[in-house]
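A.B. asks: One structure follows; several queries about it will come next.
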Amino acid sequence: MRWSQTLIPTMKETPEGAEIPSHVLMLRAGLIQQVMAGAYTYLPLGWRSLRKAEAIVRDEMDRAGAVELHMPALTPITLWERTGRVDAFGDVLINFKVRRANRQVHLALGPTHEEVVTDLVARFVSSYRQLPITLYQIQTKFRNEERPRFGVLRTSEFLMKDAYSFDTSVESLAASYDKMYEAYCRIFDRCGLEYLAVEAESGPIGGDASHEFMVLADNGEDVVVHCAACGYAANLERAEIGAAKASAAKAAAGSAALKKVDTPKVGSIEQVSKLLGCQPAQMIKTLIYVADGKPLAVLLRGDHDANEGKLRRAVGAAKLELASPEIIEQVTKAPVGFAGPVGLAIGLWADRDVAAVADAVIGANEADKHYTGANLGRDFTVAADHFADLRNAGAGDACPRCGQSLALRHAIEVGHVFKLGTKYSDALGAKFLDDTEQQRTIIMGCYGIGINRILASLIETRHDEQGIVWPMALAPYEVLLAPLNVAQEDVMQVAERLHNELSAAGVDVLLDDRDQRAGVKFKDADLIGFPLRVVIGGRSLKEGKLEIKWRWASEPELIPLEGAAEKLAELVRHARENPRHKS
RNA sequence: CGGAGCGUAGCUCAGCCUGGCUAGAGCACCUGCUUUGGGAGCAGGGGGUCGCAAGUUCGAAUCUUGUCGCUCCGACCA
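Numbering (the numbering used here), first residue to last: 75 to 657.
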């Protein structure tokens with residue numbers, strides 16, 4: 075391809091509104107153009123990279139035995155009503171009515187495709203002989219994001235690979251799941267991404283039933299908990315906390331007396347600690363939840379955050395949510411911000427770390443009042459079996475596996491594998507007859523990859539001051555030919571010949587045939603980040619040599635003009651095998 | 001959905017506070033000449049409903065109100 079014949083609108087300056095590196099660089103390098111908040115055009119270069127990522131995903135899905143099909147983005151709302159997900163998705167589900175002859179049809183744009191694919195399987199699969207099977211597609215998904223942001227990281231329309239496995243048993247599901255897990259590792263390896271597979275919230279099946287594939291990046295929206303010592307990794311919702319350090323476990327032997335103090339109009343932990351001159355860790359906060367319709371109270375150290383998943387599992391509730399202000403007032407007889415454990419008549423749970431807080435500051439269940447000097451056992455009690463790990467892990471907490479210190483890292487979720495169980499097959503009647511003529515429900519798994527996020531997370535983690543540093547696998551073009559003077563005939567002859575020979579050898583090559591100064595060509599080459607740049611002209615050509623430079627290398631090297639095409643093709647082939655080469 | 005900010009040429013921005021000649025600069029674009037290894041120089045040229053609407057005023061990019069769009073922080077995220 076010739077530069078002059080395609081569309082590559084590079085920008086010297088950072089457009090207003092772009093903040094994070096991947097967004098800035100995708101715009102400046104002419105990969106994307108924003109059409110509205112959360113919707114982008116992929117320009118020729120961006121589209122090439124996206125298609126390369128897609129091709130890798132497709133290749134590995136096929137290798138893992140998954141079968142590609144294509145479902146419509148347009149779906150009837152009734153399909154979503156059958157699984158109750160109209161409510162579950164809420165405003166995220168883009169849906170609308172259209173006129174069709176003399177009636178109205180209510181449609182939804184698919185945010186994912188469990189319903190459509192399960193309905194398909196329910197219609198055509200009826201025997202264990204047809205199972206297991208894993209179906210996948212690569213398709214545009216639609217979600218009405220509350221707040222699109224970070225360039226292509228969070229958009230309302232995005233390209234997703236979604237796969238669904240259908241099995242006859244939990245053991246068979248585990249095998250399907252493992253195949254997908256391994257395929258994901260191969261995909262992200264080939265893309266040159268540094269990723270972590272972390273344990274994630276597991277849903278109905280429990281146990282080891284969900285993993286998220288995370289790319290560690292400072293601008294990631296997710297937080298993963300990582301132990302550098304043993305490799306334990308989990309997302310914040312799921313991360314367990316190891317047993318408390320022995321030194322902190324001194325029994326709460328407080329000396330102070332319980333004393334009611336005035337805290338007028340001051341309800342938050344931060345405000346109260348400031349007013350009373352104590353540390354948040356000296357406080358115990360009391361959160362009121364409603365579990366399956368019944369209110370309960372949870373005690374946490376002031377500087378800790380509740381983990382609703384852990385709490386739900388500890389309490390054994392199906393549904394758990396923070397209580398409304400009305401319920402809180404009814405239960406505590408005080409406005410929000412003044413709840414405390416003393417004299418509360420509802421079920422009381424506590425995070426393990428609460429036991430170590432002596433002479434604590436707590437709410438007094440009375441407007442504008444707190445207690446100081448509160449002590450567990452003397453002033454209030456929590457049943458021994460109501461102590462549990464109920465909070466989010468924090469930096470410095472003990473690793474549940476090895477006891478070393480945990481670290482919190484920001485990350486971008488690029489993939490998710492999940493054992494679904496029978497939620498959708500039950501709702502949509504996907505059953506099969508087993509070899510003993512029993513009718514049973516098909517067991518499902520689902521597996522997603524955000525294709526756009528592969529690009530964004532790669533750029534987020536592989537760039538420098540000059541621009542993107544593409545790995546060979548996803549670069550829009552593998553080789554850039556840069557003739558320095560397009561008016562010079564011998565230079566252009568060499569460039570044209572190399573272009574044709576490399577193309578014939580299966581190398582993606584772009585010829586910068588613009589009549590531009592060398593500086594402009596170099597800046598654009600670095601900004602876009604072509605892995606291999608070949609300069610034709612100047613001193614080296616007179617000596618029968620070409621100058622080549624890897625994007626991640628600091629210095630160029632010279633190769634003989636003689637046999638250059640073969641040499642370059644060989645270099646490209648080698649670099650394709652090593653997706654993670656670094657500067 | 002709460003909080004904050006920004007909308008002036010394709011891009012980055014000045015002008016607005018304190019209303020007043022024909023609305024500006026740099027980059028980009030077009031023409032010519034020069035230049036040619038890290039975003040060139042000179043000369044000339046094209047391009048703007050100042051987001052939109054209403055209001056105040058003799059007069060609005062500028063003041064007021066409303067509205068739309070975009071961005072950031074937070075909440076939310078099967």
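Don't be surprised by glycine CBs; every beta carbon is placed ideally from N, CA and C.
Out of L620, R173, W624 and Y258, which has the shortest C-alpha to C-alpha gap to L606?
C.D. replies: Taking the first sequence and counting its residues from 1, the one referred to as residue 606 is at position 532. Of the listed residues, the one whose Cα sits closest to L606 is W624.
A.B. asks: Can you give the beta carbon distance from L585 to L555, rounded, assuming they're within the 8 Å contact cut?
C.D. replies: Start at 1 with the first residue of the first sequence, and residue 585 comes out as number 511. Start at 1 with the first residue of the first sequence, and residue 555 comes out as number 481. About 5 Å separates the two Cβ atoms, so the contact holds.
A.B. asks: Can you look up F596 in the DSSP assignment and give me helix, strand or coil?
C.D. replies: If you number the first sequence from 1, residue 596 lands on position 522. It is helical.
A.B. asks: Less than 8 Å between C-beta atoms, sequence neighbours within five positions excluded: which residues of the same chain meet that for Y210?
C.D. replies: For the purposes of this step, residue 210 is taken as residue 136 along the first sequence, with counting starting at 1. The answer, listed in chain order, is M135, A140, V141, E142, L143, K235, D236, A237, Y238 and Y521.
A.B. asks: Indicate the three-state DSSP secondary structure (helix, strand or coil) for W626 in the structure shown.
C.D. replies: For this step, residue 626 is matched to residue 552 along the first sequence. Here W626 carries a coil assignment [DSSP, helix/strand/coil].
A.B. asks: Do G437 and F412 count as a contact pair if the criterion is CB distance below 9 Å?
C.D. replies: Taking the first residue of the first sequence as 1, we reach residue 412 at position 338. Taking the first residue of the first sequence as 1, we reach residue 437 at position 363. The answer is yes: Cβ separation under 9 Å.
A.B. asks: Is Q353 close to the ligand ADP? I mean its beta-carbon at under 8 Å from any heavy atom of the ligand.
C.D. replies: As presented, the structure is devoid of all ligands, the ligand ADP included, so that no description of it is given.
A.B. asks: Tell me the DSSP bridge mates of I207?
C.D. replies: Residue 207 sits at position 133 when you count from the first residue of the first sequence. In the DSSP secondary-structure assignment, I207 is bridged to F240.
A.B. asks: Quick check for students: name the residue ranges of the alpha helix (DSSP H) that lie wholly in the region 364-436, counting only runs of 4 or more.
C.D. replies: List check, alpha helix (DSSP H) in window: 382-389 and 399-406.
A.B. asks: Going by the DSSP bridge assignment, what does G524 pair with across the sheet?
C.D. replies: For the purposes of this step, residue 524 is taken as residue 450 along the first sequence, with counting starting at 1. According to DSSP, which records beta bridges pairwise, G524 is partnered with M234.
A.B. asks: Taking the continuous alpha helix (DSSP H) assigned at V340, which residues delimit it?
C.D. replies: Here residue 340 corresponds to residue number 266 of the first sequence, with the count starting at 1. No alpha helix (DSSP H) contains V340, which DSSP labels as neither H nor E.
A.B. asks: Can you round the beta-carbon distance between Y551 and F604 to whole angstroms, since I take them to be within the 8 Å contact cut?
C.D. replies: Position 477 of the first sequence, counted from the first residue, corresponds to residue 551. Position 530 of the first sequence, counted from the first residue, corresponds to residue 604. Taking 8 Å as the upper bound for CB-CB distance, Y551 and F604 are in contact here, some 6 Å apart.
A.B. asks: Between I602 and the rest of its own chain, which residues show a CB-CB distance below 6 Å, the 5 nearest in sequence each way excluded?
C.D. replies: For the purposes of this step, residue 602 is taken as the residue at position 528 of the first sequence. Once the five neighbours on either side are set aside, the close Cβ partners of I602 are A103.
A.B. asks: Taking 9 Å as the threshold (C-beta atoms), are L181 and V297 in contact?
C.D. replies: The sequence position of residue 297 within the first sequence is 223, counting from 1. The sequence position of residue 181 within the first sequence is 107, counting from 1. No, the pair does not count as a contact, with Cβ atoms beyond the cut-off.
A.B. asks: With DSSP run on the structure shown, which of helix, strand or coil describes G689?
C.D. replies: Residue 689 is absent from the model: the chain starts at 75 and stops at 657.
A.B. asks: Look up G120 in the DSSP assignment and say whether it is helix, strand or coil.
C.D. replies: As a first step, residue 120 must be located in the first sequence, where it is residue number 46. Looking at G120 - three-state DSSP - the assignment turns out to be helix.
A.B. asks: Does the region 433-449 come into contact with the region 403-412, if we say contact requires no fewer than three beta-carbon pairs (one atom in each stretch) closer than 8 Å?
C.D. replies: Because the criterion of three Cβ pairs below 8 Å is met, the region 433-449 and the region 403-412 touch.
A.B. asks: How big is the Cα-Cα spacing for L507 and Y202?
C.D. replies: Locating residue 507 in the first sequence gives position 433, counting from the first residue. Locating residue 202 in the first sequence gives position 128, counting from the first residue. Approximately 6 Å, taken between the alpha carbons.
A.B. asks: Just to confirm before moving on: does the CB-CB distance between A380 and L310 stay below 9 Å?
C.D. replies: Taking the first sequence and counting its residues from 1, the one referred to as residue 380 is at position 306. Taking the first sequence and counting its residues from 1, the one referred to as residue 310 is at position 236. No.
A.B. asks: Determine which residues share a DSSP beta bridge with P95 and list them.
C.D. replies: Here residue 95 corresponds to residue number 21 of the first sequence, with the count starting at 1. DSSP, once it has assigned bridges, lists no residue as partnering P95.
A.B. asks: Grab me the residues of A643's own chain with a C-beta within less than 7 Å of its C-beta, minus the 5 sequence neighbours each way, in chain order.
C.D. replies: For this step, residue 643 is matched to residue 569 along the first sequence. Around A643, the same chain offers L576, A579 and V581 as residues with beta carbons nearer than 7 Å, after the five sequence neighbours per side are excluded.
A.B. asks: Between the Cα of L396 and the Cα atoms of W154, T360, S200 and E273, which residue gives the shortest distance?
C.D. replies: Sequence index remark: in the first sequence, residue 396 carries index 322 (1-based). Closest option to L396, Cα to Cα, is T360.
A.B. asks: How long is the line joining the alpha carbons of S230 and N218, rounded to whole angstroms?
C.D. replies: Indexing the first sequence from 1 puts residue 230 at position 156. Indexing the first sequence from 1 puts residue 218 at position 144. Taking the straight line joining both Cα atoms gives about 5 Å.
A.B. asks: Under the three-state reduction of DSSP, which class applies to M110: helix, strand or coil?
C.D. replies: Residue 110 sits at position 36 when you count from the first residue of the first sequence. DSSP places M110 in strand when its eight states are reduced to three.
A.B. asks: Tell me whether the beta-carbon of F216 lies closer than 9 Å to the beta-carbon of I523.
C.D. replies: In the first sequence, the residue the question calls residue 216 occupies position 142. In the first sequence, the residue the question calls residue 523 occupies position 449. Going by C-beta atoms, F216 is not nearer than 9 Å to I523.
A.B. asks: Would you list the one or two residues that DSSP bridges to Q513?
C.D. replies: If you number the first sequence from 1, residue 513 lands on position 439. The partner list for Q513 (beta bridge, DSSP) reads L507.
A.B. asks: Tell me the rounded alpha-carbon separation between F232 and W154.
C.D. replies: In the first sequence, residue 232 corresponds to position 158, counting from 1. In the first sequence, residue 154 corresponds to position 80, counting from 1. Cα to Cα, F232 sits roughly 20 Å from W154.
A.B. asks: Could you check which residue in A249, A271 and L247 has the C-alpha nearest to that of Y258?
C.D. replies: For the purposes of this step, residue 258 is taken as residue 184 along the first sequence, with counting starting at 1. Minimum Cα distance to Y258 is reached at A271.
A.B. asks: Our contact map puts G316 next to A147 with C-beta atoms below 8 Å; I'd like the distance itself, whole angstroms only.
C.D. replies: By one-based count along the first sequence, residue 316 stands at place 242. By one-based count along the first sequence, residue 147 stands at place 73. Not quite, the Cβ-Cβ distance comes to about 45 Å (not below 8 Å), so this is no contact.
A.B. asks: Please report how far the alpha carbon of A388 lies from the alpha carbon of H460, in whole angstroms.
C.D. replies: Residue numbering aside, residue 388 sits at position 314 when the first sequence is read from its first letter. Residue numbering aside, residue 460 sits at position 386 when the first sequence is read from its first letter. Distance between the alpha carbons of A388 and H460 is about 8 Å.
A.B. asks: In whole angstroms, what is the alpha-carbon distance linking G225 and L117?
C.D. replies: Looking up residue 225 in the first sequence gives position 151. Looking up residue 117 in the first sequence gives position 43. So the alpha carbons of these two residues sit roughly 14 Å apart.
A.B. asks: What is the DSSP secondary structure of A322, reduced to helix, strand or coil?
C.D. replies: Taking the first residue of the first sequence as position 1, residue 322 is located at position 248. A caution first: A322 carries a pLDDT of 46, below 50, which makes its placement in the model unreliable, though a value can still be read off. Helix at A322.
A.B. asks: Near Q353, which residues of its chain fall below 7 Å by C-beta distance, leaving aside the five closest residues on each side in sequence?
C.D. replies: Residue 353 sits at position 279 when you count from the first residue of the first sequence. Excluding positions up to five away in sequence, the list reads S347.
A.B. asks: Thinking C-alpha only, which one of T515, A308, L267 and V299 is nearest V199?
C.D. replies: Start at 1 with the first residue of the first sequence, and residue 199 comes out as number 125. Per the Cα distances, T515.
A.B. asks: Return helix, strand or coil for S499, following the three-state DSSP convention.
C.D. replies: Position 425 of the first sequence, counted from the first residue, corresponds to residue 499. Assignment of S499 by DSSP, reduced to helix, strand and coil, places it in the helix class.
A.B. asks: Using the three-state DSSP reduction, which class does F163 fall into: helix, strand or coil?
C.D. replies: Counting from one through the first sequence, the residue named residue 163 turns up at place 89. DSSP places F163 in helix when its eight states are reduced to three.
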